[in-house]
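Student:
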Amino acid sequence: MESGSETQMDLNNNTSHQNDHSIMEMGSGSFGCAHYRRRCKIRAPCCDEIFDCRHCHNESKNTLEVDPLDRHDVPRHDVKRVICSLCNTEQDVQQHCIQCGVCMGNYFCSKCKFFDDDVSKKQYHCDDANGGEQNFFHCNKCECCYSKVLKDSHNCVEKAMHHNCPVCFEVKFGVCYAKYSCPVCSKSYRDMSRVWEKLDQEIAATPMPEMYQNKMVWILCNDCGQTSEVNFHIVAHKCLKCNSYNTRQTQGGPASCSSRITDMVR
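The end of the sequence shown is residue 704 by my numbering, with every number in the run present.
1. Look up Glu387 in the DSSP assignment and say whether it is helix, strand or coil.
2. Examine the Cβ distances between the stretch 520 to 528 and the stretch 476 to 487 and report whether three or more of them are shorter than 8 Å.
3. Using 8 Å as the threshold, is the stretch 622 to 642 in touch with the stretch 585 to 594, meaning 3 or more CB pairs across them?
4. Can you look up Phe554 in the DSSP assignment and give me helix, strand or coil?
5. Measuring straight from C-alpha to C-alpha, what distance separates Val633 and Cys659?
6. By alpha-carbon positions, which one of Cys484, Cys525 and Cys662 ends up nearest to Arg509?
7. Count the other C-beta atoms from every protein chain shown that fall within 10 angstroms of the C-beta of Ile401, then say buried if there are 16 or more, exposed otherwise.
8. Going by DSSP in three states, Gln529 sits in which element: helix, strand or coil?
9. Any idea which residues DSSP pairs Tyr545 with across the strands?
10. Exposed or buried, Glu667, counting other C-beta atoms within 10 Å across all chains shown (16 or more means buried)?
11. For Cys620, which residues of its own chain have a beta-carbon under 7 Å away from its beta-carbon, when the five flanking residues on both sides are left out?
12. Quick one: measure Cβ to Cβ for Cys564 and His576, integer angstroms, because I've assumed they're closer than 8 Å.
13. So His671 and Gln687 are supposed to be a Cβ contact under 8 Å. How far apart are they, rounded?
14. Per DSSP, what kind of secondary structure is Val633 in: helix, strand or coil?
As structure tokens, then:
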């Protein structure tokens, strides 16, 4: 009889553990943003607003704010509060929701205030660099982690990754991912063929007013260096030699707007 009771208790415990696990895994991979799959949002300590992640905050505050004085990045290590995506309970930073018990991130770092359900990236925290193991090593002079392939060949620069880019003066990790051309030579540094195809479609679907239909302008292609005379269009101008839209208007009226290309890259 006692043995039977123990067996029943074991079954109950197993069922309880399974239920706890199913609750913690509820919604895994179904919540988050374009940057991370996670089951919580953060309250930014700088502006007291709620965002899916720090990148969402930085994109919003640095792109949409009209007043340059209002543009800023979130101090990620100062984040104190998160909001569960399943039950909307606001709470202190922790891995499991105090209300519904769900795991808000299969990977969680309490130091970086970082949550991510996608553990295939093999994230890890390095106390020296605030960042991973196995394939990386930490350089104490650069104060950052590099691939082990670079261990005996990288050039040490003190606090290399803690400064803004010396060329464009932008933050090294973030702003560059929305750009498609080199800040020095303006050439495209990635395959832009799909973006050019989308621009072909957008231009075809956006006829210019009659007064501009015969307007011609001169352009310089940043990719191949060719100068061409093309029909003016408010969206973009296409190089006649290499079919690139990475061009700049040199003659013929107001310069064409290149921000549309940047929007498509994002």
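Every residue, glycine too, gets a C-beta built ideally from N, C-alpha and C.
Tutor: With the given structure in hand:
1. Past the edges of the chain, shown from 439 to 704, lies residue 387, and the structure says nothing about it.
2. yes
3. no
4. What sits at residue 554 in the sequence shown is Asp, not Phe. If DSSP states are grouped into helix, strand and coil, Asp554 belongs with the strands.
5. 16 Å
6. Cys484
7. Because residue 401 is not part of the residues shown, which for the chain are 439 to 704, the question remains open.
8. strand
9. Asp554
10. exposed
11. Tyr627
12. 6 Å
13. Actually they do not touch by this definition, with Cβ atoms about 10 Å apart.
14. helix
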